[in-house]
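Notes to accompany the following structure.
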Amino acid sequence: MTLQVKDIKKSFGKGTSETTVLKGINFEVNDGEFVILNGASGSGKTTLLTILGGLLSQDSGDIVYNDEPLYSVKNKPADLRLNEIGFIFQSSHLVPYLKVKAQLTTIGKEAGMSKKDAEQRAEMLLSQIGLAHRLNVFPHMLSGGEKQRVAIMRAFMNNPKIILADEPTASLDAKRATEVIEMIKSQIQNKKMIGIMITHDKRLFDYADRVIELDDGVIVNS
């Protein structure tokens, strides 16, 4: 299956204050493929990723997955983000009153997992990323890097078909960033997910199947 981005355009403001951020974006990503979006600040990367995640609507153009519109009356953005799309933000956005394991199990149970299955999967994912010893602590007891690793594993909790990540390694040191990207790529390949990530860290480009470069709202290299 393929995610097709067809002539996506987006502007903000009106009249003389209107700014066109995306000027007709076209590309495809296949199952099992890991793509990096790169470009200078203001090039439109985050706007594009936010549209792909259903958090923002495009002005025109289509996003098609499995030969159907990704978002429609049948496919509501909120439902897709719970069941089909994993979104990793630059900030962790953990729930302050939930312990680490509960950050993941809550998502699993909301999507229909049994309590036992949700707990087993949460423990497995957190162990994979080196946090087995932090299952029962609250977010304020974690370092910035630990919080981000929890957020990354939360995005994989429901076996999503599409992973979208906005600078997910920005708060991690070089060694941990490499470990996390290797894990993300492995999950995408093994589970035949579609992965799209924004990063400025050129050391991570080698892990991508392709790097798509944006400049002033258009793709200049892919």
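The sequence shown begins at 1 in full-length UniProt numbering and counts up one residue at a time.
Don't be surprised by glycine CBs; every beta carbon is placed ideally from N, CA and C.
Would you report the Cα separation of residue i and residue j, rounded to the nearest angstrom?
| i | j | result |
| --- | --- | --- |
| Thr-19 | Gly-13 | 6 Å |
| Asp-173 | Asp-201 | 11 Å |
| Val-29 | Ile-194 | 7 Å |
| Ala-118 | Ile-25 | 38 Å |
| Gly-32 | Gly-86 | 15 Å |
| Val-150 | Gly-15 | 43 Å |
| Tyr-97 | Phe-138 | 7 Å |
| Leu-131 | Met-153 | 10 Å |
| Met-113 | Val-220 | 43 Å |
| Ile-107 | Asp-62 | 28 Å |
| Ser-72 | Leu-80 | 10 Å |
| Glu-179 | Ile-129 | 8 Å |
| Val-5 | Ser-17 | 27 Å |
| Thr-50 | Glu-167 | 13 Å |
| Ser-41 | Asp-216 | 9 Å |
| Leu-37 | Thr-199 | 7 Å |
What are the partner residues of residue i, as DSSP defines its beta bridges?
| i | result |
| --- | --- |
| Lys-10 | Leu-22 |
| Val-100 | The partner list for Val-100 (beta bridge, DSSP) is empty, contrary to what the question assumes. |
| Thr-2 | Asn-30 |
| Ser-60 | Lys-9 |
| Glu-68 | Tyr-65 |
| Asn-221 | Glu-213 |
| Phe-87 | Leu-164 |
| Ile-194 | Ile-162 |
| Val-35 | Ile-196 and Arg-210 |
CB-CB under 6 Å to residue i, same chain, minus the five flanking residues each way: which ones, in chain order?
| i | result |
| --- | --- |
| Tyr-65 | Leu-3 |
| Ala-165 | Ile-88 and Met-197 |
| Ile-162 | Ile-85 and Ile-194 |
| Met-157 | Leu-104, Ile-107 and Gly-108 |
| Leu-214 | Gly-39, Ser-43, Gly-44 and Lys-45 |
| Ala-177 | Thr-169 |
| Met-1 | Asp-31 and Asn-66 |
Under the rule that 16 or more other beta-carbon atoms within 10 Å means buried, what is residue i, buried or exposed?
| i | result |
| --- | --- |
| Phe-205 | exposed |
| Leu-55 | exposed |
| Ala-78 | exposed |
| Val-100 | buried |
| Asn-136 | exposed |
| residue 242 | Missing from the structure shown is residue 242; the chain here goes from 1 to 222 and no further. |
| Glu-110 | exposed |
| Pro-69 | exposed |
| Arg-121 | buried |
| Ser-92 | buried |
Using a Cβ-Cβ cut-off of 7 Å (strictly less than) and excluding sequence neighbours within five positions of residue i, which residues of its own chain qualify?
| i | result |
| --- | --- |
| Val-35 | Val-29, Gly-195, Ile-196, Ala-208, Asp-209, Arg-210 and Ile-212 |
| Leu-94 | Gln-103, Pro-139, Lys-147, Val-150 and Ala-151 |
| Asn-159 | Lys-191 |
| Ser-127 | none |
| Leu-52 | Ile-63, Leu-164 and Ile-196 |
| Phe-27 | Val-5, Ile-212, Ile-219 and Ser-222 |
Under 8 Å by Cβ, that's how I've got residue i and residue j pegged, so tell me the actual separation to the nearest angstrom.
| i | j | result |
| --- | --- | --- |
| Ser-171 | Gly-145 | 6 Å |
| Gln-58 | Ile-8 | 5 Å |
Ignore the nearest five residues each way along the sequence and tell me which others in residue i's own chain have a CB closer than 8 Å to its CB.
| i | result |
| --- | --- |
| Thr-47 | Lys-10, Val-21, Leu-22 and Leu-56 |
| Ser-60 | Asp-7, Ile-8 and Lys-9 |
| Ala-155 | Gly-86, Phe-87, Ile-88, Ile-163 and Ala-165 |
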